[in-house]
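Here the structure is laid out as structure tokens; the discussion comes afterwards.
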Amino acid sequence: MAFNSNQITKVLELEMDQLMENLGKQVLPADHPATKRVVNVVNRILAANADIKELEGKKFKISVINTPEENAFVMPIGHVFVYAGMLNLCINDDQLGIILSHEISHYILNHGMENVSFIHLLDLCSLAIIAVIWAVIPSDTVSALSHWMFNKCISLFVQLPYSRTIETEADYVGLQLAAKACFDVRESSAFWSKMAYLSKKFGNGPEVEFLSTHPSHESRSEYLNNIMDDALKLRTSCGCPRLTYGDPREKVSTILKETEASRKAYFEQHKKPVVIFKI
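So for the sequence shown, full-length UniProt numbering puts the first residue at 1; every next one is plus one.
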């Protein structure tokens with residue numbers, strides 16, 4: 001990596017302090033039911049995956065933000081953030097466990113620090129090429145256009161594919177974490193099918209995966225379905241209770257109606273625009 005872990009940690013701690021200051025009273029107290037829900041799910045994931053070196057003896061700080069954004073993330077220094085909108089979207093702890101397992105997998109795989117170094121190295125290479133463009137091409141207009149096209153190409157063919165790759169990697173590892181924690185991993189595919197529906201109905205239209213930092217919701221649902229059998233076998237091998245109730249993937253239409261009703265009730269009390277974030 002371009003930076004060592006101590007350098008990146010110091011930067012992240014400064015960002016953390018600024019973020020917490022900006023959030024202020026929007027952070028729910030530790031004794032709030034929403035915070036307790038997240039704490040219980042995170043602890044369940046950590047306890048079931050204590051054999052992983054990066055999680056051995058690890059304790060995450062947890063903050064639940066009382067805003068309607070449907071988002072969750074884990075800072076590379078071990079701080080979990082979950083927004084109330086995401087808790088509302090996850091209709092059960094299995095779905096919340098899937099989301100948090102995905103985010104914790106980013107921590108395990110060191111994606112945050114890896115991404116900082118990747119962007120830094122990419123910027124250095126880009127600066128060298130851009131300098132050549134401006135030195136070789138005599139026309140300022142043509143140089144500016146070439147500069148713009150180069151940046152677009154870097155984004156489309158390097159940065160975005162890299163980002164989608166690490167998201168898919170986190171989906172794979174996250175499903176394993178959730179399976180070991182005895183969550184119903186079938187909820188992962190059902191969740192992303194639900195997200196695809198909600199994005200089309202409440203978002204800005206169909207996703208264009210090629211232009212996104214994340215795989216499309218449909219792609220994620222399909223990918224998780226493809227690796228589901230292995231996840232279910234892992235879950236069984238960990239001595240988890242047998243899944244005796246119906247497959248949530250077959251009940252997506254019913255779940256969507258319940259979720260839509262829940263969202264409607266929530267936003268009647270919180271008059272803010274609906275924003276579906278990348279997870």
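Every residue gets a Cβ at the ideal spot worked out from N, C-alpha and C, and that includes glycine.
task: Express the C-alpha separation of Leu234 and Ile166 in angstroms, rounding to a whole number.
output: In the sequence shown, residue 166 corresponds to position 166, counting from 1. In the sequence shown, residue 234 corresponds to position 234, counting from 1. The alpha-carbon atoms of Ile166 and Leu234 are separated by roughly 22 Å.
query: Apart from the five residues just before and just after Ala170, which ones in its own chain have a Cβ nearer than 6 Å to its Cβ?
result: Residue 170 sits at position 170 when you count from the first residue of the sequence shown. Cβ neighbours of Ala170 within its own chain (closer than 6 Å, five residues either side excluded): His102, Ser105 and His106.
task: Could you please give the first and the last residue of the uninterrupted beta strand (DSSP E) stretch that includes Lys61?
output: Along the sequence shown, one-based indexing puts residue 61 at 61. From DSSP, the beta strand (DSSP E) with Lys61 extends over Lys61 to Ile65.
- request: Ignore the nearest five residues each way along the sequence and tell me which others in Ser189's own chain have a CB closer than 6 Å to its CB.
  value: On the sequence shown, position 189 is the one that residue 189 refers to. Excluding residues within five positions, the ones whose Cβ falls inside 6 Å are Ser221, Leu224, Asn225 and Arg249.
Segment limits, alpha helix (DSSP H) that includes His217: The count along the sequence shown starts at 1 and reaches residue 217 at position 217. Where His217 is concerned, the enclosing alpha helix (DSSP H) stretches over His217 to Asn226.
task: Under the assumption that Lys61 contacts His79 (Cβ atoms under 8 Å), give the Cβ distance between them as a whole number of angstroms.
output: Numbered from 1 along the sequence shown, position 61 holds the residue referred to as residue 61. Numbered from 1 along the sequence shown, position 79 holds the residue referred to as residue 79. With 8 Å as the limit, Lys61 and His79 qualify as a contact, their Cβ atoms being about 4 Å apart.
- request: Along the alpha helix (DSSP H) that carries His214, what are the first and last residues, could you check?
  value: The residue you call residue 214 lines up with position 214 of the sequence shown. Taken as a continuous stretch (DSSP letters only), His214 belongs to no alpha helix (DSSP H), as it is neither H nor E.
query: Which residues bound the beta strand (DSSP E) around Ala72?
result: For the purposes of this step, residue 72 is identified with residue 72 of the sequence shown, where counting begins at 1. Segment Ala72 to Met75, the beta strand (DSSP E) holding Ala72.
- request: Give the DSSP-derived three-state secondary structure of Tyr172 in the structure shown.
  value: For the purposes of this step, residue 172 is taken as the residue at position 172 of the sequence shown. Of the three classes helix, strand and coil, the one that applies to Tyr172 here is helix, per DSSP.
- prompt: Nearest-angstrom Cα distance between Gly24 and Arg37?
  reply: Within the sequence shown, numbered from 1, the residue matching residue 24 stands at position 24. Within the sequence shown, numbered from 1, the residue matching residue 37 stands at position 37. About 21 Å.
Residue from His217, Arg44, Thr213 and Asp184 whose Cα sits closest to the Cα of Lys200: As a first step, residue 200 must be located in the sequence shown, where it is residue number 200. It is His217.
Same chain only: Cβ atoms within 8 Å of Asp229, ignoring 5 sequence neighbours per side: Looking up residue 229 in the sequence shown gives position 229. Correct list: empty, nothing qualifies.
- prompt: What's the gap between the Cα of Ala265 and the Cα of Leu198?
  reply: Working through the sequence shown from its first residue, we reach residue 265 at position 265. Working through the sequence shown from its first residue, we reach residue 198 at position 198. About 15 Å.
query: With distances taken from CA atoms, which of Leu232, Phe183, Asp93 and Glu260 is nearest Thr35?
result: Taking the sequence shown and counting its residues from 1, one reaches residue 35 at position 35. The shortest C-alpha separation from Thr35 is found at Asp93.
task: Give the range of the alpha helix (DSSP H) segment to which Phe202 is assigned.
output: Here residue 202 refers to the residue found at position 202 when the sequence shown is read from its first residue. It spans Arg186 to Phe202 - the alpha helix (DSSP H) in which Phe202 sits, taken as one unbroken run.
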